[in-house]
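Each remark here refers to the structure printed beneath this line.
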Amino acid sequence: MLEIEKIKEFFKGDKLAQYLGIELVDVSRGNAVAKMVIKDEHLNGINTVHGGAIFTLADFTFAVAANSHGRVTVAINVSISFMKAVTSGTLTAVAREVSLNPKIASYTVDICDDEGELIAIFQGLAYRKRDKIVI
584 MLEIEKIKEF FKGDKLAQYL GIELVDVSRG NAVAKMVIKD EHLNGINTVH GGAIFTLADF
644 TFAVAANSHG RVTVAINVSI SFMKAVTSGT LTAVAREVSL NPKIASYTVD ICDDEGELIA
704 IFQGLAYRKR DKIVI
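Heads up: the sequence shown begins at 584 in this note's numbering, then just goes up one per residue.
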């Protein structure tokens, strides 16, 4: 199995992403794209998408991109800035690798709505372990 195919298979096991309806659309070395169709269960008390749902979409996409090199990679610091509230449609998260070193890597994830408007910006710093992704 190709390494990218292994990564796709590995992330099918992410139970929270499954529960929230997050779909992995694409993955390549250092990059990933995921989508989430907004449903009632994603909304908060003021009927906008809950920040935790947006964060989870971004964090999942970051994790896929960070692990796309085939090494177990975990977050050591993340932050998110919310730019605009959203109530319906589909959110798309696009992760890209900013820097890759033997032990540390950095990623930015842009989360956009159906019109391509920026909803949130996520930045993640990851620690690259020695372990290989095992399926």
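Built from N, CA and C at the ideal position, the CB exists for glycine as well.
Computed from a predicted model, the values in this text were never measured in an experiment.
Residues sharing a beta bridge with residue i, DSSP
i       : result
Gln-706 : Ser-662, Thr-691
Arg-711 : Thr-656
Ala-676 : Ala-617, Ile-694
Ser-611 : Asn-614
Val-632 : Leu-626
Leu-683 : Ala-688
Glu-606 : Lys-618
Leu-701 : Cys-695
For residue j and residue i, the rounded distance between their alpha carbons
i       : j       : result
Gly-604 : Lys-589 : 21 Å
Arg-612 : Thr-670 : 32 Å
Thr-639 : Ile-629 : 19 Å
Phe-665 : Lys-712 : 30 Å
Pro-685 : Leu-708 : 13 Å
Lys-622 : Ser-651 : 29 Å
Gly-635 : Met-619 : 13 Å
Thr-631 : Ile-718 : 37 Å
Glu-698 : Ala-617 : 16 Å
Phe-593 : Val-608 : 14 Å
Glu-606 : Ile-694 : 14 Å
Val-610 : Val-655 : 16 Å
Cβ distance (whole Å) where residue i is taken to contact residue j below 8 Å
i       : j       : result
Ala-641 : Ile-659 : Between Ile-659 and Ala-641 the Cβ distance is about 16 Å, and since that is not below 8 Å, they are no contact.
Ile-637 : Leu-674 : 7 Å
Lys-715 : Gly-653 : 6 Å
Ala-688 : Thr-644 : The pair is not a contact, with the Cβ atoms about 14 Å apart (cut-off 8 Å).
Glu-624 : Ala-648 : Their Cβ separation, rounded to whole angstroms, is 26 Å, which puts Glu-624 and Ala-648 out of contact at 8 Å.
Val-657 : Tyr-690 : 12 Å between Cβ atoms; not a contact.
Nearest candidate by alpha-carbon position, reference residue i, set the options
i       : options                            : result
His-633 : Ala-617, Val-661, Ala-668          : Ala-668
Val-692 : Ile-587, Lys-591, Ala-646, Phe-705 : Phe-705
Leu-626 : Asn-614, Gly-672, Gln-601          : Gly-672
Ala-676 : Glu-700, Ser-682, Leu-683          : Glu-700
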